[in-house]
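Residue numbers (the numbering used here), protein chains in the order written: chain S, 49 to 589; chain H, -12 to 296; chain E, 113 to 436.
By construction, the Cβ of each residue, glycine as well, lies at the ideal position given by its N, Cα and C atoms.
Heads up: the structure comes next, in structure tokens.
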Amino acid sequence: MLSKSTKFGKGFILLVALVLTFSLVLSACGGGKKEEASSSPSASSASPSESSASPSSSSGSGDTGAADLQPYELKIIWEGPAQKDAPAVEAKINEYLKDKINATVKLSTLDWGQYDQKMPMMIASREAMDVVFTAQWNGHSNNVAKGGFLALNDPNLEANGQKVGNLLEQYGKDILSSLDPAFLEGAKINGFNYGIPTNKELAAQGGVIYRVDIAQELGLTDQLNNVKTIADLEPILKTVKEKKPNITPLFFKDGETFNSHYLSQLDYLGNTDIDGIVRKDGEDTKVITRFDDKEYMDQLQLTRKFFQEGLINRDAATTTVGPQDAMKKGDVFMIPSSLKPGKDAEMANGINMAGKLKQIEIGPRTVSTGETAGAMLGISSTSKDPARAMMFINLLHSDKYLNNLINFGIEGEHYVKVSDNVIKAGPKAADYNPGVAWELGNQFLNYTFETEAADKWDQFKKFNDGAHKSPALGFTFDVEPVKSQVTNLINVKKQYAAALETGSIDPAKAQEWWDKEKANGLDKVLEEKQKQLDAFIASKK
Amino acid sequence: MSELTGKRKAYSSSEISKPADAAINVFFIIYTIICIFPLLLVLVVSFSDEKTVLVNGYSLFPDKLNLAAYDFLLNDWVNVVRSYGISIFVTVAGTLASLAMMALYAYPISRRDFKHRGVFSFVMVFTILYNAGLVPFYIMYTQYLHLQNSVLALMIPYLIQAFFVLVMRTFFTNSVPTELLESAKIDGAGEWRIFAQIVLPLSLPVLASVGLLCTLNYWNDWFMSMLFVNDNVHINIQYRMYKALQDLQYLSSNSTAYAAILAQNPNFQMPSETVRMAMAVIGIGPIVFAYPFFQRFFIKGLTVGAVKG
Amino acid sequence: MDQAMQTAAPPVPQPARKTKQNQGYWRRFGVFYLMMAPALIILLLNNYLPMIGSVIAFKNVNYQVGIWKSPWVGFQNFDYLFNASDAWKITRNTILYNAAFIFLNMVVGVAFALMFNAMRSRKAAKFHQTMMFLPYFLSWVIITYLVYGFLNPEIGMLNKTILPWFGAERTIDWYTEPKWWTVILPIVNTWKGIGYYAVFYLAAIIGIDQEYYEAATLDGASKWRQIWTITVPLIRPVIIVLTLLQIGRIFYADFGLFYQVTRNAGSLYDTTLVIDTYVYQGFIVTGDVGMSSAAGLYQAVIGFVLVLCSNLVIRRISKEDALF
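Given below as structure tokens:
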């Protein structure tokens, strides 16, 4: 036993020695890298005041100042399917950007449903990225809390060991001049913007999108036109099920149900994973739970009924296929969706089903933080040149040519022009059609497809008018004080939400969920949410 | 006990009664069916007609057979072949590197005259005892080694497995006679030569069985791809299968042909269920073919080095 | 081994002789260090350097300032583990499932081995062995496909064919009803692994000297009796060691089984969430590396103690089989 312990002792000392040596070597490496890293941007952002002049004057078509900038490759990441012809489009963009901001781009995508898993890992691995799509519904506040994104309007911002200052004011002048301030105001976290919201519709409305061709075949058009509430859908879906046994009448997945944020009117105050809500369409600022909301509970019952009648796909609780992709597969009749004017046509074009989709609005139009922060472009804290990334975002918001190039591809190949601002699918449309214009920059610059309403952008503006503002608009809950409770609540939610909200299990289980939330610190979280919300409202007065 | 695996059994003295034997046979026939049935089911479904599957469910006797699923996958063969290539490369290179490194480590610590063998054995054993866990490991690989999206990230994590090294050590100690080493040394042979010309040839059984286990580990791994690969390029066949099961969209959005098919025939419906199973068949294929060959070695090798030396 | 250590240990008085001796040592054994170097480097990268990273469990990581400069938070990251109603459930699931797996591997494995050994036709025995071993070679991804073929709620074999055969009135949503998985998981795990254990035990049985049986037969002992009085007692050490080796790992679950085969369905978590999937989940879903490191550390420390204990027991039974 004694000799044993001496052996252990020796082994341990050796081990410690080894570990220490290597950690020294490693830290030396790390130091070296840092130097290298900080040296490269210094060349390009050495004179922020000088280069800041360039984008503002270049808005539109001018191109002064690009020569002062070192070449830099921007890695752009958005959420959506990979595009085969991305290299060709990249080449075109590079050609154009050379004179603008002397940058090249590398376009990459994360598949729908992959983003939530991959982005936290990419942030944890400090992967080099520059312009990254982010949104409140896919973990924005979590990723911000981990330091994944830069505060774009922080005058004291430092990146790569250098002070870069307020990026938005220096390099984003066109954004500030074109974007409704309500967007930036509403998307703030602790006073800073960690992403530039897409300039698009501000209000939100929920509803469903369905296949027109099937509806016509079954003679359901009139019935569909008269739908006012979710309950009205039942007979229609039943008919579809009867007459088209191979078609899924209604496709649901986790987070895409009648209780999704766009249909349920619940404002989760910054993170849909955490209970504690106020109603978007009300005025009450008392934070309640989802179980206190009668509509939520009623909708659970209704969904369950649909599910038991076989109107909803049976793997709804587990499937990872998004509604849009399910629609694309061709065997789905109806999906829930957030809506805006022309959403049906936009989606149809994105999934090669032009003319086959139609939308039905259900419920009121509202505005909440969830919408203002519903689609943003952030700048990764690993960007070697955040200033350039901001210039690029600024161009996406102001440069019509670039915006349409990245959204629709190359003219004559991926799209052809019908008139000045109207286009239709080109011969190679299938090879480049990201269908995510709402993620990238300024939608009001987008061409419209000929299948879309010509006055789409006017409709957008009208859509925004008169929408009801959530009493908590602009507020995002800071989870830090109750972090450990929140983590547990998220785990509990994973266990129940998908199954309950898709109707896969008995709504009576909601009580069990509630009890479990209580056992895991729900009251503390509610209290903290209320406290922060009250402070926010008081500060606004 | 090691060499006795099978052949030297004398039955005469201990034969069981015929009815008992029949009962056992029946039992194992049923169990064999249980082992094969699921594989057969996947195979048959992959050749079934999609509509039939959707109406009748998975069945061993489908009403209609066709090749639509494989037709569809064929359009995407570049990706499948690339994934295969990655799997094969990682498996072969990884197994060879792994065997070489582990044997080279096991040899010194098997030598009784090597003073620090205890220390270095412990360095190995400690990795079994204590595991730093997923997060530090992940951060090490990505933030310091920058191995994301590289085949090395699929290979290095499995290179050294302490248990195998200890098995090799035990085998070297017990099966390579010390006298042989001594006499070689007297003849002036260096350690490298002794290792290559005496130790390795005498240790083929343990090398074979550890090698097979390594091969299996590499070929069947999907976790490292899930952790470290973000692009759609460096993914191996297992991970491609996983993604196909998770998310059929993965097949369609990556299939360049899918769009082309849709352009020609707007009413085309992807045969999703059967394509899924066809993907599984393509992934299972090589293992099933290589299996009869493998398992003979495997069963032989299994008992050689493992627990008892 | 220990003796070798001791003879080498005593310090040598004269410095001159010491260096000379050292030179001799390095000339003789220096090459060993060279041989071990590649593996040592890999061990450092895979195992030892990440151990330093365990400090993440005590930090509130913000990548922008870097892991090392992130603030210390003491044991705060562990709070959630011990406040959660889940912590107990996860620990329980991990241990109970592993216990069930170990038990089944032992009982079924030994039973199969005994039956193989008893079969009169060597050919048939070989054939069935081969077939039984097949699942061991399949990856968890493939097994997930196979299980899915049975459990798919709409068109799976069970819901569409087998349950109706038995006249079941309703079909089961396998991926949303947790209770079934306490049965499914042990079945799947045993199905996959049993070939390995059976062959292992069979090898031990075949290794038993035939003379024991011959003597017993002369004494008129029945075959059944021989099994209980000769075979089982003689392979007991193998059974115990193999089982203890597994017990040492009882705090580590098979990630592939629990993540893949259950398709990571949230509604099954009551009976399917284990420490390994929980750590992964925490890392991915909440993105909180501090907390998931804390869970990882919890697992590592308890796992460490368990391995030590089981090794201690193994040493008592069969010193040769102990890890150290």
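Where S:Pro384 is concerned, the enclosing beta strand (DSSP E) starts and stops at 380 to 387.
At a C-beta separation below 9 angstroms, H:Ile17 has no neighbours in chain E, since its nearest C-beta there lies roughly 10 angstroms away.
By the Cβ-count criterion, S:Gly514 is exposed, with fewer than 16 other Cβ atoms from all chains shown falling within 10 Å of its own Cβ. According to DSSP, residue pairing for S:Asn247 in a beta bridge involves S:Asn490.
Annotation for S:Glu575: no residue places its beta carbon closer than 8 angstroms to its own, counting only its chain and skipping 5 residues before and after. Under the rule that a run must span 3 or more residues, the beta strand (DSSP E) segments found entirely inside the segment 113 to 177 of chain S read 120 to 127, 151 to 158. Around the C-beta of H:Thr165, fewer than 16 other C-beta atoms lie within 10 Å, and the residue is accordingly described as exposed.
For E:Val173, the closest C-alpha among the options S:Arg174, S:Leu155, S:Trp126 is that of S:Arg174. E:Thr206 is the residue among E:Ala407, E:Glu289, E:Thr206, E:Pro345 whose C-alpha sits nearest the C-alpha of E:Leu385. Residues of the segment 350 to 364 of chain S whose Cβ lies closer than 7 angstroms to any Cβ of chain E, in chain order: Arg362, Asp363. Distance from the Cα of S:Ile278 is smallest, within the candidate group S:Ile262, S:Asn294, S:Lys291, S:Ile257, for S:Ile257. Annotation: H:Pro6 to E:Leu409 spans about 55 angstroms, alpha carbon to alpha carbon. For S:Asp321, same chain residues with a beta-carbon under 7 angstroms away, outside a window of 5 residues either side, are Ile538, Lys541 in chain order. Chain-ordered, the chain H residues with CB closer than 8 angstroms to the CB of E:Tyr392 read Leu121.
Straight across, the Cα-Cα distance linking S:Ile171 with E:Ile426 is about 44 angstroms. S:Ala199 is not a Cβ neighbour of S:Arg413, given a cutoff of 8 angstroms. Burial of H:Val154 is indicated by the presence of at least 16 other C-beta atoms within 10 angstroms of its C-beta. Taking the beta carbon of H:Asn204 as reference, no residue of chain S falls within 7 angstroms; the closest one sits roughly 23 angstroms away.
With respect to the C-alpha of H:Ile115, the residue from E:Arg428, E:Val413, E:Lys431, E:Glu432 having the closest C-alpha is E:Val413.
Cβ-Cβ separation between E:Asn217 and E:Ile306: approximately 7 angstroms, consistent with a contact (criterion under 8 angstroms). When the five nearest sequence neighbours on each side are left out, the beta carbons in the same chain lying within less than 7 angstroms of the beta carbon of H:Glu37 are those of Ala55, Pro258, Glu260, Thr261, in order along the chain.
Around S:Ile284, the same chain offers Leu268, Gln271, Leu272 as residues with beta carbons nearer than 7 angstroms, after the five sequence neighbours per side are excluded. Taking a 10 Å sphere around the C-beta of E:Gly142, we find fewer than 16 other C-beta atoms and assign the residue as exposed. Within a 10 Å sphere around the beta-carbon of H:Cys201 sit 16 or more other beta-carbons, which makes this residue buried. Between the segment 228 to 247 of chain S and the segment 411 to 427 of chain S, the count of Cβ pairs shorter than 8 angstroms is three or higher; the stretches touch. Think of a sphere of 8 angstroms around the beta carbon of E:Gly305: no beta carbon from chain H falls inside it, the nearest being about 12 angstroms out. Within chain S, the residues Lys377, Gly378 have their CB atoms less than 8 angstroms from the CB of H:Met257, given in chain order. Burial check for E:Asp198: the Cβ neighbour count within 10 Å reaches 16 or more, so the residue is buried. Membership of H:Ile16 in the alpha helix (DSSP H) is indicated by the continuous run 5 to 33. C-alpha of E:Asp388 to C-alpha of E:Phe215: approximately 21 angstroms in a straight line. Looking only at S:Asn536, S:Phe355, S:Gly483, S:Asp315, the smallest Cα-Cα distance to S:Lys391 is reached by S:Gly483. S:Glu304 and S:Pro384 do touch by the CB rule: their CB atoms are close to 6 angstroms apart, below 8 angstroms.
Contiguous alpha helix (DSSP H) elements confined to the segment 262 to 287 of chain E do not occur, taking only those with 4 or more residues. The shortest CA-to-CA distance from H:Leu30 to any of H:Pro279, H:Pro192, H:Ile271, H:Asp50 is the one to H:Ile271. When the five nearest sequence neighbours on each side are left out, the beta carbons in the same chain lying within less than 7 angstroms of the beta carbon of S:Glu409 are those of Gln253, Gly255, Leu387, in order along the chain. Interface annotation, E:Tyr260: in contact with chain H, CB-CB separation under 8 angstroms.
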